[in-house]
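Everything below concerns the one structure shown next.
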Amino acid sequence: MTDRLGELSAAGVAIWLDDLSRTRLSSGGLDQLRREKHLVGVTSNPTIFAKALSDADEYNWQLKDLAMRGVDVEESVRMLTTYDVRWACDVMRPAYDASGGVDGRVSIEVDPRLAHEAEKTVAEAGALWWLIDRPNLFIKIPATEAGLPAITATLAQGISVNVTLIFGLDRYSQVMEAFLAGLEQAKANGHDLSKIGSVASFFVSRVDTEVDKRLEKIGSDEAKALRGKAAVANARLAYERYGKVFSSDRWQALADAGAHPQRPLWASTSTKNPDYRDVIYVEELIAPGTVNTMPESVIHAYADHGETRGGDTITGAYDEARKVFTDLESVGVDMSDVILTLEREGVEKFEASWLELLDGVRKSLTAAAQGTGAPNKAAKGSAQAAEQAGGNA
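Numbering-wise, full-length UniProt numbering puts 58 at position 58 of the sequence shown, and it's gapless, one number per residue.
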């Protein structure tokens, strides 16, 4: 049988899973994906944790312990989530070692309510880093305006960072600048640059969702013909910018000191429109030095019928991508407004998911303290609300 995921990996795409749960860990499911499906990384977010908490009895013993000791909700969330991420880091450690520290990474997000507070974000990142205490950890920091200096400051401390919620090209350029500045400061601070990793999570399908909605409203044949094209074009032009930055003399000086490049990570790669091919955001975004983080359903779909098509599906398509942007502008789609809308909504959705996670844990702790049933089941409604509010990355 054709090893389609193997072909994808050989083309330079690191395959990551956009999901994490204690059931997946205790059952050996995550390790099986690593061994059999070329999986080399994991991402998580508050929505994923809320769903995991509501579905698994494995959390009950910890919830009962936290309730018995009177641990507050915020700290309980930290204990529950960091336990899973630490475990996942250990499962993915073989991939980390085999890749020289490039892959085998597991991401955990800072409290999204801090998205507009740089100093608190840096403090939270540091706390998560020492609490989990694994070299293959990534701390997720959103690419808001306040997030940019937080990214630099966190990297400067020698902490590896997954920059999340990137939607636009200009913001992506700012993220790469923040990364370079952070590594330069880390070097000045005496950190080993070879131990510091970073990815820039560029969101894909949500761009098509927003643009397609606007194209439908415009309603012309020219507008409708552009549906499903914006997201791939946007990501391809991001990769073009990546290539320019990471071939510069400034980058070369850091590479000579042992630094690894900040790879572009394609996030939000499940197809939201059923009319589109279910692996479109994998097939159309294949290029060396990239990461694609997928729900398990997309991993299996690609293993079944994904087409790698000889390797790079990005670098030869820059002019085509620019034409898509020109055509979108000509029919009346303001991409600058699209990006601003997506960034604002992205932060709001993750904040809403975080609040639902807190609410679910609060209910679980109450149930555990009162002995009124399985603690995790008390979080079920909150998890469903969080999934609707945020969705996977």
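Using N, Cα and C, we set each Cβ at its ideal position, and we do this for glycine too.
Item	Value
Out of MET335, LEU355, PHE202, VAL161, point me to the one whose CA is closest to residue 424's CA.	What the structure shows of the chain is the stretch from 1 to 393, and residue 424 is not part of that stretch, so it cannot be assessed.
Measure the CB-CB distance between PHE49 and LEU358 and report whether it falls below 8 Å.	no
Please confirm whether GLY283 and LEU17 have their CB atoms less than 8 Å apart.	A small fix is needed here, since residue 283 is Glu in this sequence, not Gly. No.
Answer with buried or exposed for ASP208, where buried requires no fewer than 16 other C-beta atoms within 10 angstroms of its C-beta.	buried
Assuming SER201 contacts LEU265 (C-beta within less than 8 Å), just tell me the rounded distance between them.	5 Å
Alpha carbon to alpha carbon, how far is PHE138 from SER220?	44 Å
Do you know how far the Cα of GLU75 is from the Cα of ARG362?	11 Å
Using the Cα positions of ASP65 and ARG24, report the straight-line distance between them to the nearest angstrom.	22 Å
With 16 as the cutoff for other CB atoms within 10 Å, does SER248 come out buried or exposed?	exposed
Is the CB-CB distance between ALA303 and ARG4 below 8 Å?	yes
Considering Cα atoms alone, identify which of PRO135, MET176, ASP55 is closest to PHE246.	MET176
Determine whether the beta carbon atoms of THR164 and LEU128 lie at a separation below 8 Å.	no
Going by DSSP, what residue range makes up the alpha helix (DSSP H) through GLU75?	73-91
If distances are taken between C-alpha atoms only, which option among ARG35, ASP72, LEU80 comes closest to MET92?	ARG35
I'd like the ranges of any alpha helix (DSSP H) spanning at least 4 consecutive residues and lying wholly in the region 143-227.	147-156, 169-188, 205-218, 221-224
Taking the alpha-carbon of ILE196 as reference, which of ILE151, MET68, LEU155 has the nearest alpha-carbon?	LEU155
Return the CA-CA distance between SER54 and GLY360, expressed in angstroms with no decimal places.	8 Å
Rounding to the nearest angstrom, what Cα-Cα distance links ASN136 and GLY28 in this structure?	19 Å
Once DSSP output is grouped into helix, strand and coil, what is the label at PHE246?	coil
Report yes if the C-beta distance between ILE159 and ALA125 is below 8 Å; otherwise report no.	yes
Am I right that VAL161 and ALA95 are in contact with their C-beta atoms under 8 Å? What's the rounded C-beta distance?	No, VAL161 and ALA95 are not in contact; Cβ-Cβ is about 19 Å, not under 8 Å.
For the putative contact between VAL42 and LEU8, defined by C-beta atoms under 8 Å, what is the C-beta separation to the nearest angstrom?	Actually they do not touch by this definition, with Cβ atoms about 17 Å apart.
How many whole angstroms separate the CB atoms of PRO142 and PRO112, which I take to be in contact at a CB cut-off of 8 Å?	7 Å
If you reduce the DSSP assignment to three classes, tell me which class ASP97 lands in.	helix
List the DSSP bridge partners of ASN136.	Paired residues: none, contrary to the question.
What number of angstroms, rounded off, separates the C-alpha of ALA225 from the C-alpha of PRO288?	30 Å
ILE286 lies in the beta strand (DSSP E); which residues open and close that run?	Per DSSP, ILE286 belongs to no beta strand (DSSP E) and is neither H nor E.
Mind checking which residues open and close the alpha helix (DSSP H) that includes MET335?	335-370
Just how far apart, CA to CA, sit MET68 and THR366?	10 Å
Are the Cβ atoms of VAL211 and VAL347 separated by less than 8 Å?	no
For THR152, tell me which candidate among LYS187, GLY12, LEU169 has the shortest Cα-Cα distance.	LYS187
Under the rule that 16 or more other beta-carbon atoms within 10 Å means buried, what is ASN189, buried or exposed?	exposed
Could you please give me the residues that DSSP links to ASP18 through a beta bridge?	THR43
Do ILE314 and ARG263 count as a contact pair if the criterion is CB distance below 8 Å?	no
Check each candidate in ALA115, PHE179, ALA267, ALA181 and name the one with the smallest Cα separation from ARG344.	ALA115
Just curious, the alpha helix (DSSP H) that GLU109 is in, first and last residue?	Taken as a continuous stretch (DSSP letters only), GLU109 belongs to no alpha helix (DSSP H), being part of the beta strand (DSSP E) at 105-109.
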